[in-house]
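Report on the following structure.
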Amino acid sequence: MKSSPGARSWIAAGVRHELLTRALPALRHDMAAPVSVVRMALLMLKRQVAATPIDPAACEERVALIDNQVSELVEAIRSLRDWELATTDDGITRSALVAQCVNLMRSAFDLHGVTLDVDAALDEPQEDEPRWPAAAALRYLFLGALGYLHDGAAEAGAIRIEPVGTDALRLVAMPREAGSVNPVLDAHRAPRALAIDAVALQNLAEDMGYAIALEGDSVRFALATG
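FYI, the numbering for the sequence shown is 796 to 1021, going by our numbering.
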């Protein structure tokens, strides 16, 4: 039985949920790090207030640190809105999209022995670099492509991220180099029940209005819908 449009949308929603779940450890870290600094700063502030005589300059320094970390925590909490497709955003540049997604997933991929290799042309923002609409959708699409190559490419040791023209990206799974396999990590890497396969990735792209091309161990997609 052919799935209905509603069923395909539910599949895409499930894929987005899985991708957000994979990104959550990095998001939690961004929120927990300021809290740890605030707790330490409060402890030091209590000691300085209890000291005789009180050092106003030292207390002011701790208060400024706490204020800064609270601002970072608030910003991290607000960033959760960036994952909502219904939220209007001001778009995103290609280099910023790559940087955000790579920063979210690099640690998890490193633990599985998979390096994320970004082309030098994407490392630094380009002058007058265009912004592409629907940053949340593009983030899910990019993470979906990473997940597809991570889950499906046999013996991938790296994923190369390259620009295609001025309006597209290509991600390519590269084989492991001889002798680079970490037997301890690989031995404890259980297969995922919710792997991102070709059907899942295509459903995700089509539901958000993007065209995506799967070519062996590579994924290519344009940053514009249509």
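All C-beta atoms, glycine included, are put in the ideal place defined by N, C-alpha and C.
- Taking the CA atoms as reference points, I872 sits about 7 Å from M826.
- For N998, the number of other beta carbons within 10 angstroms of its own is at least 16, and it is reported as buried.
- Taking a contact as a CB-CB distance under 8 Å, the pair A929 and I806 does not count as one, their CB atoms being some 19 Å apart.
- In the DSSP annotation of this structure, the continuous segment of the beta strand (DSSP E) that includes D912 starts and ends at T910 to V913.
- DSSP places P851 in the uninterrupted alpha helix (DSSP H) bounded by P851 to R873.
- Distance from the Cα of D1012 is smallest, within the candidate group R817, I956 and A932, for I956.
- Within the DSSP bridge table, the entry for F1016 names L964 and I1007 as partners.
- The criterion of a C-beta distance shorter than 8 Å is satisfied by A963 and A1017.
- Between H812 and the set A993, A903, L936 and E1010, the nearest pair of CA atoms involves L936.
- Put simply, the segment 915–929 touches the segment 885–899. At least three CB pairs are less than 8 Å apart.
- Here the C-alpha atom of A853 lies approximately 20 Å from the C-alpha atom of S866.
- For R955, the enclosing beta strand (DSSP E) stretches over residues A951 to V959.
- When the five nearest sequence neighbours on each side are left out, the beta carbons in the same chain lying within less than 7 Å of the beta carbon of D1002 are those of R803, S804 and A807, in order along the chain.
- When the alpha-carbon of V909 is set against those of A916, R901 and A915, the nearest one is in R901.
- Going by C-alpha positions, L938 is about 18 Å away from A881.
- Distance from G942 to I991 at the Cβ level is roughly 4 Å; contact confirmed, criterion being Cβ atoms closer than 8 Å.
- Listed as beta-bridge partners of P970 by DSSP are A951.
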